[in-house]
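*Asks:*
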Amino acid sequence: MHFRKFYQKYFTGVIFFLLPVFCMMSVSCVSKNKSKDEKTLPNFIIIFTDDQGYADLGVFGAKDIATPNIDRMAKEGVTFTSFYVAAPVCTPSRASLLTGCYSKRVGLHKGVLFPNDKSGLNPDEITIADLLKKKGYATACIGKWHLGRPSELLPVKQGFDYYFGIPYSNDMNPKHPISDAMGGFPKLPLMRNEEVIEAPVDQTTLTKRYTEEAVRFISSNKDKPFFLYLAHSMPHYPCHSSEEFTDSSKRGDYGDSVQEIDSGAGLIVSTLKKLGIDDNTLIVFTSDNGPWKSAQQVDFIGMGGDGTTGSALPLSGWKGQTLEGGMRVPTVMRWPGKLPADKTCRELTSTMDLLPTIAGLAGAELPGDRVIDGMDITELIKDPSSKTPHDYFYYYSSVSGNLNAVRNAAGFKLHFWKDPEGYGNGVPYKVKELYYLPDDTDESNNIYEENPDMVKRLTYAAAVFDTDLVKNSRPVATVQ
Numbered sequence: 004m005h006f007r008k009f010y011q012k013y014f015t016g017v018i019f020f021l022l023p024v025f026c027m028m029s030v031s032c033v034s035k036n037k038s039k040d041e042k043t044l045p046n047f048i049i050i051f052t053d054d055q056g057y058a059d060l061g062v063f064g065a066k067d068i069a070t071p072n073i074d075r076m077a078k079e080g081v082t083f084t085s086f087y088v089a090a091p092v093c094t095p096s097r098a099s100l101l102t103g104c105y106s107k108r109v110g111l112h113k114g115v116l117f118p119n120d121k122s123g124l125n126p127d128e129i130t131i132a133d134l135l136k137k138k139g140y141a142t143a144c145i146g147k148w149h150l151g152r153p154s155e156l157l158p159v160k161q162g163f164d165y166y167f168g169i170p171y172s173n174d175m176n177p178k179h180p181i182s183d184a185m186g187g188f189p190k191l192p193l194m195r196n197e198e199v200i201e202a203p204v205d206q207t208t209l210t211k212r213y214t215e216e217a218v219r220f221i222s223s224n225k226d227k228p229f230f231l232y233l234a235h236s237m238p239h240y241p242c243h244s245s246e247e248f249t250d251s252s253k254r255g256d257y258g259d260s261v262q263e264i265d266s267g268a269g270l271i272v273s274t275l276k277k278l279g280i281d282d283n284t285l286i287v288f289t290s291d292n293g294p295w296k297s298a299q300q301v302d303f304i305g306m307g308g309d310g311t312t313g314s315a316l317p318l319s320g321w322k323g324q325t326l327e328g329g330m331r332v333p334t335v336m337r338w339p340g341k342l343p344a345d346k347t348c349r350e351l352t353s354t355m356d357l358l359p360t361i362a363g364l365a366g367a368e369l370p371g372d373r374v375i376d377g378m379d380i381t382e383l384i385k386d387p388s389s390k391t392p393h394d395y396f397y398y399y400s401s402v403s404g405n406l407n408a409v410r411n412a413a414g415f416k417l418h419f420w421k422d423p424e425g426y427g428n429g430v431p432y433k434v435k436e437l438y439y440l441p442d443d444t445d446e447s448n449n450i451y452e453e454n455p456d457m458v459k460r461l462t463y464a465a466a467v468f469d470t471d472l473v474k475n476s477r478p479v480a481t482v483q
């Protein structure tokens, strides 16, 4: 009897003594499992150039600009030939990429933001960075922002842990043609988070410094999942490059700046390999819209430089237009072991698809309280022979805000309106034009009259979508 009491008392004490140890071991196991799970989550890098044309990569036909690193990425991954941005100019295109929505849905569809504007992307919007932060990702925006200059609207208020770059386009300085009319633009600032660290920024070093910051961010976060949005300021005019790349191309300062971007992309890939995280990182390389129309257009708006521009051939049109050359952009995706090598995808895809696709790959939940226009294209990027989940794509004007055109997945494109030749100059005009893009990339063979049923179907789809978009649109943010 006495022995039983002693036995009970002894083991009760042992249990109370060991209980905290078991708990600590349990927490430690959960922590280790969580850490292991985080390491297996894929990393994401989006390299977003500015005003780079469809034909301005070697893999897309460039003969006078050398892009060996991006061409190698294409050899090791998938090239997309029908990949679109949701708008043909900077601000609305960037809003769409980060939110997965048409820019008109988030209120940033007409024109671009200027240094003195008080509005921008609403912090209530959910960006790719917002979604990934909830999954434990480190997030950084390096480069051009152009979604609002007030501190309340900068990247660090939109889901990014870190920001390094310029807050708007590199031509927006006191010498800009409309600076005086808008109260005078400040010197072009380089920012770290919310602090201006250099003004005016030395643009000849921008691309190099962006790449250095990107490599530093990747290296610092190699042991956890990360999202890097690297939005280059070039080759938007005025084009600049470091001394090493000046006069390096056969297409003047425009080509020089593209070649430096290509070199930076190569350094990023080599960094991933060196750190042993290359096969766990999806890289997307694309552009925000098409190139300027011509050297004369660049000279007219006072951007300087030597007047060389990008090329959208064989597409028609250029920046600011809803013709193919304004909104179809060169795109390469690379993810060793996950995406096939040396494949081409000709299916309809867009930057808006990146948010739902990345969310799916990271196991992040999409918001259920709003419309997201993009679709998860994971199956398509892993198997380029599969079909797009999109039935239609809609071309919204950044001049008028009109729904200018619609195309279906098969490639029939119907124009209702067209923008004038000079971006922002003149009034859009009504048209009745139908093209079959697979056989007519330059939109020169109008088959409107011969295809009344297709015109009817596309017209109906456009009307239904535009009505829904207006009904389910959300406001921009305005800072007083």
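With the numbering used here as the guide, the letters of the sequence shown map in order to residues 4 to 483.
Note that CB positions come from ideal geometry on N, CA and C, so glycine has one too.
#1: Write down the C-beta distance between Asn411 and Tyr399 rounded to the nearest angstrom, noting that I regard them as a contact closer than 8 angstroms.
#2: Could you spell out where the alpha helix (DSSP H) holding Ala465 opens and where it closes?
#3: CB-CB under 6 angstroms to Ala202, same chain, minus the five flanking residues each way: which ones, in chain order?
#4: Can you tell me the Cα-Cα spacing of Tyr439 and Pro228, whole angstroms?
#5: Give me the Cα-Cα distance between Arg195 and Phe163, rounded to the nearest whole angstrom.
#6: Using the Cβ count rule (16 or more neighbours within 10 Å means buried), how would you classify Ile181?
#7: Closest to Thr354 by CA distance: which of Pro71, Gln55 and Leu101 is it?
#8: On the CB-based measure, 16 or more other CB atoms within 10 Å of its CB, does Gln483 come out buried or exposed?
#9: Whole-angstrom Cβ separation of Phe419 and Val402, contact assumed at under 8 angstroms?
#10: Under a Cβ-count criterion, where at least 16 other Cβ atoms within 10 Å of its own Cβ denotes burial, should Asp250 be classed as buried or exposed?
#11: Measure the beta-carbon distance from Val374 to Asn72 and round it to whole angstroms, keeping in mind my assumption that it falls under 8 angstroms.
#12: Less than 9 angstroms between the C-beta atoms of Phe415 and Leu383, yes or no?
#13: Please list the terminal residues of the continuous alpha helix (DSSP H) segment that includes Asn72.
#14: Span of the alpha helix (DSSP H) holding Ile68?
#15: Can you name the start and end residues of the beta strand (DSSP E) that Arg195 belongs to?
#16: From the DSSP output, in three-state form, read off Val1 for me.
#17: Would you mind sorting Ile131 into buried or exposed? The rule is 16 or more other CB atoms within 10 Å of its CB.
#18: In the DSSP assignment, find the alpha helix (DSSP H) that holds Leu364 and state where it starts and stops.
#19: Just the C-alpha distance for Gly110 and Lys137, rounded to the nearest angstrom, thanks.
#20: Is the Cβ-Cβ distance between Arg477 and Asp120 less than 9 angstroms?
#21: Look up Pro158 in the DSSP assignment and say whether it is helix, strand or coil.
#22: Taking the beta strand (DSSP E) that Glu436 falls in, what are its first and last residues?
#23: For Arg331, list the residues DSSP reports as bridge partners.
#24: So, using beta-carbon positions, are Thr106 and Ser172 closer together than 9 angstroms?
#25: Which residue comes first and which comes last in the alpha helix (DSSP H) that contains Leu100?
#26: Where does Leu60 sit, in a helix, a strand or coil, going by DSSP?
#27: Over the uninterrupted beta strand (DSSP E) stretch that includes Ala217, give me the two end residues.
#28: Could you pull out every residue in the same chain whose Cβ sits closer than 7 angstroms to the Cβ of Asn454, ignoring the five residues on either side in sequence?
#29: Span of the alpha helix (DSSP H) holding Leu134?
#30: Throw me the rounded Cβ distance for the Leu326 and Glu446 pair, which I believe falls under 8 angstroms.
#31: Strictly by DSSP, which residues pair up with Asn411?
#32: Between Val287 and Met330, is the Cβ-Cβ spacing less than 9 angstroms?
#33: When you compare only the Cα positions, how much space is there between Ala58 and Ile450?
#34: Expressed to the nearest angstrom, what Euclidean distance is found between the alpha-carbon atoms of Gly267 and Gly168?
#35: When the Cα of Tyr257 is compared with those of Ile68, Thr470, Leu285 and Asp174, which residue comes out closest?
#36: The beta strand (DSSP E) that contains Ser290, what's its start and end?
*Replies:* Checking against the coordinates, here is how it stands:
#1: Asn411 to Tyr399, Cβ: 17 angstroms. No contact.
#2: For Ala465, the enclosing alpha helix (DSSP H) starts and ends at Pro455 to Lys474.
#3: These residues qualify, in order along the chain: Lys190 and Pro192.
#4: Cα to Cα, Tyr439 sits roughly 42 angstroms from Pro228.
#5: Taking the CA atoms as reference points, Arg195 sits about 12 angstroms from Phe163.
#6: Under the 10 Å beta carbon count, Ile181 is surrounded by fewer than 16 other beta carbons and is classified as exposed.
#7: The shortest C-alpha to C-alpha distance from Thr354 to any of Pro71, Gln55 and Leu101 is the one to Leu101.
#8: It is exposed - the Cβ of Gln483 has fewer than 16 other Cβ atoms within 10 Å.
#9: The C-beta separation of Phe419 from Val402 comes to about 14 angstroms, leaving the pair out of contact by the 8 angstroms criterion.
#10: By the 10 Å Cβ count, Asp250 comes out exposed.
#11: At roughly 37 angstroms, the Cβ-Cβ gap does not stay under 8 angstroms, so Val374 and Asn72 are not in contact.
#12: Not in contact: Phe415 and Leu383 (Cβ atoms no closer than 9 angstroms).
#13: Looking at the DSSP string, the run of the alpha helix (DSSP H) that includes Asn72 is Pro71 to Lys78.
#14: No alpha helix (DSSP H) contains Ile68, which DSSP labels as neither H nor E.
#15: DSSP places Arg195 in the uninterrupted beta strand (DSSP E) bounded by Leu193 to Arg195.
#16: Outside the shown range of the chain, which is 4 to 483, sits residue 1, and nothing can be said about it.
#17: Buried, because 16 or more other Cβ atoms sit within 10 Å of the Cβ of Ile131.
#18: Looking at the DSSP string, the run of the alpha helix (DSSP H) that includes Leu364 is Leu357 to Ala365.
#19: Those two C-alpha atoms are separated by around 25 angstroms.
#20: No, the Cβ-Cβ distance between Arg477 and Asp120 is not below 9 angstroms.
#21: Judged by DSSP in its simplified three-state form, Pro158 adopts helix.
#22: Counting along the chain, the beta strand (DSSP E) containing Glu436 begins and ends at Tyr432 to Tyr439.
#23: Note: Arg331 sits in a beta bridge opposite Tyr87.
#24: Reading the sequence as shown, one finds Ser at residue 106 and not Thr. Their beta carbons are not under 9 angstroms apart, which means Ser106 does not touch Ser172 by this criterion.
#25: Element bounds for Leu100: Cys93 to Thr102.
#26: Correct three-state label for Leu60: coil.
#27: Boundaries around Ala217 are those of the alpha helix (DSSP H), Leu209 to Ser223, since no beta strand (DSSP E) includes it.
#28: Result list for Asn454: Leu437, in chain order.
#29: From DSSP, the alpha helix (DSSP H) with Leu134 extends over Ile131 to Lys136.
#30: About 6 angstroms; that satisfies the 8 angstroms criterion.
#31: Within the DSSP secondary-structure output, Asn411 pairs in a beta bridge with Tyr395.
#32: Taking 9 angstroms as the Cβ cut-off, Val287 and Met330 do not qualify as a contacting pair.
#33: Distance between the alpha carbons of Ala58 and Ile450 is about 26 angstroms.
#34: Their Cα atoms are separated by approximately 16 angstroms.
#35: It is Ile68 whose Cα lies nearest to the Cα of Tyr257.
#36: Segment Thr284 to Ser290, the beta strand (DSSP E) holding Ser290.
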